[in-house]
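Numbers given in the working numbering equal positions in the sequence shown, counted from 1, plus 202. Have a look at the structure below before the remarks.
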Amino acid sequence: MTYASDAFSRQEAAEDPLSGEGRVLVVDDDKHNRRLLHMMLEGCGYTTVEAENGLEAIAICRDDPPDLILMDVMMPEMDGLEATRRIKADCDGRFVPVIFLTALDDEHTLLRAIAAGGDDFLAKPLNLSVLKAKIHAMERLRDLQADLRSRNDQLLRASARQAWEEETAESLFSRAITRRNRGHERLGVGHLSAATFSGDVVLSDYTPEGSLRVLLGDFTGHGLSAAIGAYPVSETFHTLTREGAADAELIHQLNHTLHTFLPPTMFMGAVLIGFSPDGRQARIWNGGMPDVRICSAREVRHVASQAMPLGILPRLERGLLPEEHAVGPDDTIIASSDGVIEAVNAAGEALGDEALDRACCGQRADSIYDTVWGVVQRHAEGTTPDDDMTLVCIPCTSEVLLDSPVTTGAENTGNLRWSLELGGPQLARADLTQEARNQLRHWFPDLGEHAEALHTVIAELCNNAFEHGVLGLDSSMKTTVEGFEAYYRARSEGLACPRGRIGISLHYRRQGDAHCMRIRVRDSGAGFDHEAVRAAIEGAGAERLWGRGLNLVHRLCTRVRHVGRGNLVEAEYCW
203 MTYASDAFSR
213 QEAAEDPLSG
223 EGRVLVVDDD
233 KHNRRLLHMM
243 LEGCGYTTVE
253 AENGLEAIAI
263 CRDDPPDLIL
273 MDVMMPEMDG
283 LEATRRIKAD
293 CDGRFVPVIF
303 LTALDDEHTL
313 LRAIAAGGDD
323 FLAKPLNLSV
333 LKAKIHAMER
343 LRDLQADLRS
353 RNDQLLRASA
363 RQAWEEETAE
373 SLFSRAITRR
383 NRGHERLGVG
393 HLSAATFSGD
403 VVLSDYTPEG
413 SLRVLLGDFT
423 GHGLSAAIGA
433 YPVSETFHTL
443 TREGAADAEL
453 IHQLNHTLHT
463 FLPPTMFMGA
473 VLIGFSPDGR
483 QARIWNGGMP
493 DVRICSAREV
503 RHVASQAMPL
513 GILPRLERGL
523 LPEEHAVGPD
533 DTIIASSDGV
543 IEAVNAAGEA
553 LGDEALDRAC
563 CGQRADSIYD
573 TVWGVVQRHA
583 EGTTPDDDMT
593 LVCIPCTSEV
603 LLDSPVTTGA
613 ENTGNLRWSL
623 ELGGPQLARA
633 DLTQEARNQL
643 RHWFPDLGEH
653 AEALHTVIAE
663 LCNNAFEHGV
673 LGLDSSMKTT
683 VEGFEAYYRA
693 RSEGLACPRG
703 RIGISLHYRR
713 QGDAHCMRIR
723 VRDSGAGFDH
733 EAVRAAIEGA
743 GAERLWGRGL
753 NLVHRLCTRV
763 RHVGRGNLVE
773 AEYCW
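The following block contains the structure:
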């Protein structure tokens, strides 16, 4: 085999555009061809190494891979096609260009050369100018490949660092959101996230009366943008829950917070679940979420969405209250984000409500979480969630629902809790003051002089809540005889058809040798300037006090404080 021209000078090489950098492997069984290629490449500044056949070429590449290979096709021992296949397989991602030098010009051979991993080819007898041009092209391609690989490595390192930073940030973010949770470990909570940051949030806490409250929220979308609203929701939820805020007040405040905080395109579907202090009643509010299920061995009851998600409207409709449902220790309440219902399997089929109902039906309270979450996981196995998936199971046992068990006997050596909330026509039919007094007599049949003092405190707080909170009456009306009559006429008319709500709770505890009773009364009214009233009681300020009311409560109790707008008052009486 010969080249078209053997006239090759160093002057011609000096004018060549080749870089002259790198090491070239020349593979050819013809010694004359190898010598001519060596002269040309050396004249351009390249270092060359030679191999007589494919086996030698493979050995050289394994020991010290070259920057470029000029490969003959037809050789003894091993041809260039097989040698190229093996060399390319051993490159481990590194681009080593191979130019085939062949006397064969049929289409089948050229296709085999490309299939073997060849990057270009040149027919013999060789034209040195064309060969140099092809080497130059391979140099550019090699440099592009090296640059691409370097950039890919940088991207991989940056991606790995970003993933680490996101995981670290998510861990800190989750702790900040859930750090105030109480009772969370008593719930069954399953979660699968579609991204590092989750747009679903589960919050739990106990009210001052010691009853559990749980919030499941699902923000629009998923990832960091969906998770940004979780922190203000968490702070609002825990603050108002521990202050004893009613469900409706918490819902309206959450809506206000989200509407103010989030961009217009974002909102949060939410389920709020609260329980009565005795654990016998569940209050469920569903805003834009899948049905909540109350599961027993006999049936599955559904609580459908009753309102829009939070954060869309500047104000929610007034009077939108949670639904009340009787529950027992064998019941379990299950709430889920829409990612659970819409989870698809490998065949693209959504889980759906019916499958979830079948999983819930007939299950025991102590095993229902494992069963239902197992169904969800098996359905979604092998797929990447398109949305965050969260399932919350709340066993309706006193150990879960109550911060500390409610004592109904007359023992006075531990904690005792009792509460009652009435609204609308119930306020006209029942006497909150008398109900609280009856409970005190049940706990402490022989209170003596302290019984009258406690009864007075309860009566004054409940009367203030009804007259000023629910009815909105102003005490200054009593300055004249006509105003006094108008005041009590309005009171009688309001009592016939009251529209607000009043809640009262009693919490007894021992502090050393002392007995302490905390009385909390909350009403649904707009509140009042309690700081001005306190200043008047202490003899400062311009506020005038009407009647004995709060003044008497302050004298009888060791501590009295108002919370929020003033429509929650907490008085502590000790003996």
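Every residue, glycine too, gets a C-beta built ideally from N, C-alpha and C.
Worksheet item: Can you list, in chain order, the residues of its chain whose CB lies under 8 Å from that of T438, leaving out five sequence neighbours each side?
Response: L452, Q455, L456, T459
Discussion item. Does R746 come out as helix, strand or coil in the three-state DSSP assignment?
Written reply: Note on R746: pLDDT 48, under 50, position unreliable in the model; the coordinate value appears next. Correct three-state label for R746: coil.
Item to complete: Pick out the complete alpha helix (DSSP H) segments inside the segment 656 to 721, 4 residues or longer, and give them in chain order.
Response: 683 to 698
Item to complete: Report yes if the C-beta distance between L558 and I543 is below 8 Å; otherwise report no.
Response: yes
Item to complete: Give every residue of the same chain whose Cβ lies closer than 7 Å to the Cβ of C776, excluding the five residues on either side of it in the sequence, and list them in chain order.
Response: A716, H717, C718, T760
Practice prompt. Just grab the DSSP bridge partners of C776 for me.
Written response: C718
Worksheet item: Taking Cβ positions, are D407 and H393 nearer each other than 8 Å?
Response: no
Practice prompt. Go ahead and pull the three-state DSSP assignment for C263.
Written response: helix
Worksheet entry | Inter-residue spacing [alpha-carbon to alpha-carbon] between L523 and G727 | 15 Å
Discussion item. On a Cα-Cα basis, can you pick out the residue from I337, K336, I301 that is closest to D321?
Written reply: I301
Practice prompt. Count the other C-beta atoms from every protein chain shown that fall within 10 angstroms of the C-beta of R485, then say buried if there are 16 or more, exposed otherwise.
Written response: buried
Worksheet item: Nearest-angstrom Cα distance between H764 and E772?
Response: 6 Å
Worksheet item: Cα separation between T380 and H386?
Response: 9 Å
Worksheet item: According to DSSP, is N383 helix, strand or coil?
Response: coil
Practice prompt. Quick one: which unbroken alpha helix (DSSP H) runs of 4-plus residues sit fully inside the segment 573 to 631? Chain order, please.
Written response: 600 to 603, 627 to 631
Fill in: Reference E279; option with closest CA among D266, R296, L358, E258
E258
Item to complete: Starting from L417, follow the beta strand (DSSP E) in both directions and report where the run begins and ends.
Response: 414 to 421
Discussion item. Tell me the rounded alpha-carbon separation between I536 and Y710.
Written reply: 33 Å
Worksheet entry | Anticipated Cβ contact below 8 Å, R722 with I704, distance rounded | The pair is not a contact, with the Cβ atoms about 11 Å apart (cut-off 8 Å).
Practice prompt. For R342, collect the residues of the same chain with a Cβ closer than 7 Å to its Cβ; drop the 5 residues on either side in sequence, then sort them by chain order.
Written response: none
Worksheet entry | Simplified DSSP assignment, three categories, for L330 | helix
Item to complete: Spatial neighbours of A632 within its chain, please: CB distance less than 6 Å, with the 5 preceding and 5 following residues excluded, ordered by chain position.
Response: L624
Worksheet item: Below 8 Å between beta carbons: does that hold for D676 and G702?
Response: no
Worksheet item: According to DSSP, is Y571 helix, strand or coil?
Response: helix
Fill in: Proximal residues to C263 (C-beta, below 6 Å), its chain only, five neighbours per side dropped
I289
Worksheet item: Out of curiosity, what's the CA-to-CA distance linking L414 and G550?
Response: 38 Å
Worksheet entry | Candidates E601, A253, R560, of which the one nearest D568 by Cα | E601
Worksheet entry | Three-way DSSP call (helix, strand, coil) for A728 in this model | coil
Discussion item. By the three-class DSSP mapping on this structure, what secondary structure does E279 have?
Written reply: coil
Worksheet item: Can you tell me the Cα-Cα spacing of L604 and A528, whole angstroms?
Response: 16 Å
Worksheet item: With 16 as the cutoff for other CB atoms within 10 Å, does S478 come out buried or exposed?
Response: buried
Item to complete: Pick out the complete alpha helix (DSSP H) segments inside the segment 497 to 551, 4 residues or longer, and give them in chain order.
Response: 540 to 543
Worksheet item: Is it true that the CB of I271 sits closer than 8 Å to the CB of V298?
Response: yes
Fill in: Presumed contact (8 Å Cβ cut-off) between P587 and A545, rounded CB distance
7 Å
Item to complete: Tell me whether E217 sits in a helix, a strand or coil according to DSSP, three-state version.
Response: Annotation note: pLDDT 46 at E217 (below 50); position unreliable, coordinate value reported separately. In the structure shown, E217 sits in coil (DSSP, three-state: anything other than H, G, I, E or B).
Practice prompt. Could you please give me the residues that DSSP links to Y248 through a beta bridge?
Written response: Beta-bridge pairing links Y248 to no other residue.
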